[in-house]
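Enquirer:
Numbering (the numbering used here), first residue to last: 15 to 152.
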């Protein structure tokens, strides 16, 4: 761990995790193994960052955020409070995720994407086969 790192009470940082300079992590959270948090990041209370995840420099993550394994964010992203981000999700640079939003597994957001509060995004919706809609199966 580098200089200027502040970790809140009851927060667990697991093995092989790298935290760069000026990282602040709130209380009652967990950063799982083999993860990376870039410099100048602020992470709120109650974080659940799953294994092998990467948070780029200058990111702000709100309170009670749950992030699945193998997540990756570029620089200067903002994730609101009470957000759930699935496994294998990717945020391009300067993305903003509103409070209470859900990104399902595999979602990839391009640079400068803004997601409104309480929005749910799916990587692919398998509930309707558009090519077969309305047809009878024999």
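Even for Gly, the Cβ is constructed at its ideal location relative to N, Cα and C.
Computed from a prediction, not measured in an experiment: that's the story for all the values here.
How is residue 62 classed by DSSP in three states: helix, strand or coil?
Expert: Three-state result, residue 62: strand.
Enquirer: Just confirm the distance between the C-beta atoms of residue 100 and residue 120, as a whole number of angstroms; I'd bet it's less than 8 Å.
Expert: Confirmed, about 7 Å.
Enquirer: What does the alpha-carbon distance come out to for the pair residue 52 and residue 58?
Expert: Residue 52 and residue 58: Cα-Cα distance of roughly 15 Å.
Enquirer: Under three-state DSSP, which class holds residue 85?
Expert: If DSSP states are grouped into helix, strand and coil, residue 85 belongs with coil.
Enquirer: Out of 107, 131, 102 and 105, which one is the CA nearest neighbour of residue 115?
Expert: The shortest C-alpha separation from residue 115 is found at 131.
Enquirer: Name, in chain order, the residues that DSSP records as bridge partners for residue 129.
Expert: 111, per the DSSP bridge assignment.
Enquirer: Going along the chain, which residues of its own chain have a beta-carbon closer than 7 Å to the beta-carbon of residue 30, five neighbours each way excluded?
Expert: Taken in chain order, the residues that qualify are 47 and 48.
Enquirer: If you run the structure through DSSP and keep just helix, strand and coil, what is residue 34?
Expert: Note: residue 34 maps to coil in three-state DSSP.
Enquirer: What separation, rounded to the nearest whole angstrom, lies between the Cα atoms of residue 112 and residue 133?
Expert: Their Cα atoms are separated by approximately 8 Å.
Enquirer: Let's test the definition: count the other Cβ atoms within 10 Å of the Cβ of residue 125 and tell me whether it reaches 16, buried, or not, exposed.
Expert: With fewer than 16 Cβ atoms within 10 Å of its Cβ, residue 125 is classed as exposed.
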